[in-house]
């Protein structure tokens, strides 16, 4: 029987209210050895994700590893989106094995977990596989992750996808939260974040608005 189409979003799409974001180990020492993605692009993508989550009210956990003794502070672009929010510093490479992080996961109590951070093959694979094992739906923002080589990053993504994680990108994450340009309450938020952090897409928005007052859905 042919299914009947209706104009409603699919259940696999994220909404601001159905998930938590965990941003993991966006720190200098981790970034120095990251080779799978350009450092500037990584910082822009991480900033885009952070500002989108903050703007759409997504509960977000910021966690570091050995911040004071080895890895350094979290990227300024991320902490700027969450002024005053405490970092949950860990000793464990697997965020999901840290009791303070898990206490916050349980306090937030969302069925979906979105992950991004450094490095993909260690600090993202660990919590992704652990969360999947405990019944959470897991999404990984692939271009807001990085690793010591392209091979390491890609094999880590393969491993997570094979286990059931759903890959996405930074711009995709933000636009999935917006999803309709007629949502005027977050239109300026979304296009503003894109102008600042979305590279060529942001340049296009600046051009369209400056040259002829263009706007999606208007």
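In my numbering, the protein residues as written are 8 to 225. Even glycine gets a Cβ: it sits at the ideal position worked out from N, Cα and C.
- In the three-state reduction of the DSSP assignment, residue 200 falls in the helix class, which pools H, G and I.
- In the structure shown, the three-state DSSP call for residue 48 is helix.
- Runs of alpha helix (DSSP H) with 4 or more residues, each lying fully within the stretch 73–133, are found at 83–86 and 106–115, listed in chain order.
- Residue 118 counts as exposed, since fewer than 16 other beta carbons sit within 10 angstroms of its beta carbon.
- Here the alpha carbons of residue 206 and residue 186 stand approximately 20 Å from one another.
- Under DSSP, residue 146 shares a beta bridge with 121 and 173.
- Between the alpha carbons of residue 121 and residue 195 lies a gap of roughly 24 Å.
- Here the C-alpha atom of residue 129 lies approximately 46 Å from the C-alpha atom of residue 218.
- For residue 62 against residue 193, the beta-carbon gap comes to about 7 Å, under 8 Å, which counts as contact.
- Just measuring C-alpha positions, the residue of 11, 87, 124 and 141 sitting nearest residue 35 is 124.
- Around the beta carbon of residue 17, a 10 Å sphere encloses fewer than 16 other beta carbons of the protein chains shown; the residue is thus reported as exposed.
- In terms of Cβ geometry, residue 69 and residue 81 form a close pair [threshold 8 Å].
- Of all alpha-carbon atoms in 162, 33, 167 and 67, the one lying nearest the alpha-carbon of residue 26 is that of 67.
- Judged by DSSP in its simplified three-state form, residue 19 adopts coil rather than helix or strand.
- Boundaries of the beta strand (DSSP E) harbouring residue 27: 26–31, taken from the DSSP string.
- Residue 147 holds the alpha-carbon nearest to the alpha-carbon of residue 131 among 171, 113, 147 and 23.
- A distance below 8 Å separates the beta carbons of residue 97 and residue 72.
- Distance from residue 127 to residue 163 at the Cβ level is roughly 4 Å; contact confirmed, criterion being Cβ atoms closer than 8 Å.
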